[in-house]
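Using mature numbering (1 follows the signal peptide of the UniProt record, and there is no 0), the letters of the sequence shown correspond one by one to residues -21 to -1, 1 to 161.
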Amino acid sequence: MTPIFCRNLAVGLLMAGVLSACSPSPYVLQDRVYGNGRPPVVATPPPPARPPAKPTRETPPATASTKVVTQDKRPTVTTPPPTRETPDIIDAPGVETEALDVSPTKTYKSSPAVQALVRQADAAMAKNDFDMAASTIERALRIESDNPELWLKLGTINARQGKHEQAASMASKAKFYQEQLN
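Shown next as structure tokens:
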């Protein structure tokens, strides 16, 4: 081998190593998006209480000579919905009140490229093409992996596709990144 060929080979191998170290592994991205196989811990609410079944009452069949007249024994009562009134504020002498510092929830400032991808995903969702919408949001997540709105949108798409475990995982990631913003 000539020295120039060896040098070019060494430079080529060095560049391939540097480029492969910089490129994201598809397995790492899948782990980050879809979790690492552990099921998410999700609290499930108890099922709603069902009203008791109404007893059925058999009525004799009506014939031409008999007419059955029934009257509802319960009177119809309509009550107006309660009005919400603001409570009176009473100032007590000698008691000082302090204002609470309530900061608004911070939002993630997305790049124009991510905003365009979100619009594409919304258009795909409007056409009920959830696979295309999910892949578009995943592309946006490659750009901004800590954007809670993107995680929440991907969770919504997964929920509509019936992938409820993944949707719960996405919701928990969205909550985590939202807490990091605040």
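Even for Gly, the Cβ is constructed at its ideal location relative to N, Cα and C.
| Asked | Found |
| --- | --- |
| Buried or exposed, going by whether 16 or more other CB atoms sit within 10 Å of the CB of Q145? | buried |
| For N137, which of P127, A112, K88 has the nearest alpha-carbon? | A112 |
| For E144, name the three-state secondary structure that DSSP assigns. | helix |
| Using the C-alpha atoms, what's the distance from K106 back to K154? | 28 Å |
| Which residue comes first and which comes last in the alpha helix (DSSP H) that contains N107? | From DSSP, N107 is part of no alpha helix (DSSP H); its letter is neither H nor E. |
| Tell whether a beta-carbon distance below 9 Å holds between S103 and A119. | Here the sequence assigns Ala to residue 103, which means Ser is not the residue at that position. No. Outside cutoff. |
| Would you check if the distance between the CB atom of P127 and the CB atom of L160 is smaller than 9 Å? | yes |
| May I ask you to check if the CB of I(-18) is nearer than 8 Å to at least one heavy atom of the ligand HEM? | The ligand HEM is absent from the structure shown, which contains no ligand whatsoever. |
| Is the CB-CB distance between I122 and K132 below 9 Å? | no |
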